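Asks: 505 is the number that our numbering gives to position 153 of the sequence shown; each next residue is one higher, with no gaps.
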Amino acid sequence: MDRPAPAPLGIAAIATHQPAWEVENGWFGDLLPRKFAHHTGIEARRISITDEVTMGVEAVRTLQRETGCDLARCRGIAFVSPSFIPASVARRNLDPARAADERPGRAARKLARLVGAHACRTVGLNWFCCGYSRALDLVRRRWAPRLTLGPEDFLLVVVATRISRITDYACTQTGGLFGDMASATLLAPPAGRRHPVHFEILHAAAEKVPAEKPAFDFHIRRDVPVPTAGGGRDHAAERLVYSIDGMAIAELAPRVMAAAVGDALVAAGLSGDEVDFVVPHQAGMGIVRFLGMQLESLGVRGELVNGLTRRTGNISACSVPHALRETWSRLRGVVACPTAAVGAPGRPEALRGCVLLRATPHHERQPAVAA
C-alpha cells in the first residue's frame, strides 16, 4: 500500500532544556576506558533529577519565551521519550502502577495538560535515537494532511530523554555514553505568518532493518553506583538498566545512517552533491567520522557536523534538534539529518531514519554565523 502524501510543513523554531547538574568524566574514575574521551568526544554529560514530562514542559516554556507562541493555536503534540522502558520489559520487571507510568501516550496527554494545550491531539512514542525522525514522519503524513492549519497554527515535537535513570554506571561500555536533555520543535505550514518557516521538510522517515544479532536489552543489576547532586556517589541496591553491544552498534550505525541518507535523496529526487550540510545523530565523534566515509561513496560531500557530544554526551533522540539549534545560523541549502538506533530489546534489528531539510528564503536572508 502506498504511503499517503505528506502535507507541506517546516521547522520554524527549536528550543532546548538542559539540566543544570553536570557529571564529568572524572566522576567515573577507573570505570571509564582510558581512550573513552578520544573515541567519543565526551567529557561530561547533564543529568536530570526531574522526570521526562517535567523536562518536556521546561523545553516548551523556553520555546514560548523565545517565540511568543500561543499554545491555544497548537493543533498537535508528538511526545518522544527514548528513556521510557518498553512495554514488554516494563510488564516483566515493574509492578502494574510503575509499568503504566512508562506509557508515552499517557505522558503526551499529561504534557499537553500541563502546558495548557487543551485543544490539540497528542501521540507518544519511543523509537530510541530515531524518535525525532519517526515523529516528524508521523506528523507530516498522519496529522498535517488531515488538519487545515491556519496561518497562526502550529504543531510541536517534544523530545525528553532521561537515560540516566536506566544507566548502569558500573558498565565500562555504556556508563559514560548518555546524557539527559529535552527539546521542543515548532512546525508550521510554509505560508504561516506568525511563525515563519526556516527549514522546509523535504523528507522524513524512520524504519526497522534487520541486524545480524541483538545488540540491546534490559537487565536487573544490583549495587549500581549512581551520581548524586554535587558530584557525589550513591549506590542503588537494585536497578533496571539497559545494555548495548557497543562494538556491534559502532559498526552498524554509520552504515545504516548512510543508507538512510541514500534512500532519502532518492525519495526527494536529489543527488548527493546537492547536500550542503549533514547534521547527523551525535552518537560520538568516531561514529560520525565513519559516517562521513560512508557518505563519500554516495557523493555526499557537504559539511559534516561533528563533536557536539563534548559537554552533553549522546542525548539520543534530542541529538538532531539540539545539533540543528547549535548550528542554526550557519546552515544553508539542503541539510541531511540521518539517525540510527538500537531495535527492540533482545531482537536482531536496528532502526534508521533521515530528515531532509531545505533552508527557506526567509532563513537564507538571515546573516550566517561562523562556527
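Ideal placement from N, C-alpha and C gives every residue a C-beta, glycine not left out. Quick caveat: nothing in here was measured; it's all calculated off a predicted structure.
According to DSSP, simplified to helix, strand and coil, what is residue 710?
Replies: Residue state, collapsed to three classes: strand.
Asks: For the candidate residues 498, 443, 593 and 620, whose alpha-carbon lies nearest to that of residue 688?
Replies: Residue 688 has its Cα closest to that of 620, out of 498, 443, 593 and 620.
Asks: Going along the chain, which residues of its own chain have a beta-carbon closer than 6 angstroms to the beta-carbon of residue 630, five neighbours each way excluded?
Replies: Result list for residue 630: 654, 656 and 688, in chain order.
Asks: Contact between the stretch 509-525 and the stretch 587-604: three or more CB pairs below 8 angstroms?
Replies: Counting Cβ pairs under 8 angstroms, three or more are found: they touch.
Asks: For residue 437, count the other beta carbons within 10 Å of its own beta carbon; 16 or more makes it buried, fewer makes it exposed. Which is it?
Replies: With 16 or more other Cβ atoms within 10 Å, it is buried.
Asks: Do the stretch 388-400 and the stretch 477-484 touch if we need at least three Cβ pairs shorter than 8 angstroms?
Replies: Touching, no.
Asks: For residue 441, I'd like the list of residues in its chain whose CB is within less than 6 angstroms of its CB, leaving aside the five on either flank, ordered along the chain.
Replies: Counting only Cβ-Cβ distances below 6 angstroms, and skipping sequence neighbours, we find 570 and 697.
Asks: Put residue 406 into one of helix, strand or coil per three-state DSSP.
Replies: Of the three classes helix, strand and coil, the one that applies to residue 406 here is helix, per DSSP.
Asks: I'd like to check one pair, residue 535 with residue 368: are the Cβ atoms closer than 8 angstroms?
Replies: Yes, they are a contact pair.
Asks: Using only CA atoms, which one of 589, 566, 617 and 504 lies nearest to residue 557?
Replies: Answer by Cα proximity: 617.
Asks: State the Cα-Cα distance for the pair residue 624 and residue 701, rounded to the nearest angstrom.
Replies: The alpha-carbon atoms of residue 624 and residue 701 are separated by roughly 27 angstroms.
Asks: Would you mind reading off the limits of the beta strand (DSSP E) that contains residue 367?
Replies: Segment 362-369, the beta strand (DSSP E) holding residue 367.
Asks: Check each candidate in 456, 669 and 550 and name the one with the smallest Cα separation from residue 681.
Replies: With distances taken between Cα atoms, residue 681 lies closest to 550.
Asks: Since I believe residue 542 is in contact with residue 360 (beta carbons under 8 angstroms), could you give me their beta-carbon distance rounded to a whole number of angstroms?
Replies: Correct: roughly 5 angstroms between the Cβ atoms.
Asks: Grab the span of the alpha helix (DSSP H) containing residue 301 for me, first residue to last.
Replies: No answer is possible for residue 301: it lies beyond the span of the chain, which begins at 353 and ends at 723.
Asks: By DSSP, does residue 534 sit in helix, in strand, or in coil?
Replies: Of the three classes helix, strand and coil, the one that applies to residue 534 here is strand, per DSSP.
Asks: Once DSSP output is grouped into helix, strand and coil, what is the label at residue 373?
Replies: Three-state DSSP puts residue 373 in a strand.
Asks: What is the C-beta distance between residue 602 and residue 638, in whole angstroms, given that I count them as a contact (C-beta under 8 angstroms)?
Replies: Confirmed, about 7 angstroms.
Asks: Hey, residue 666 and residue 488: beta-carbon distance below 8 angstroms or not?
Replies: In this structure, residue 488 does not lie closer than 8 angstroms to residue 666 by Cβ.
Asks: Under the rule that 16 or more other beta-carbon atoms within 10 Å means buried, what is residue 370, buried or exposed?
Replies: Under this definition residue 370 is a buried residue.
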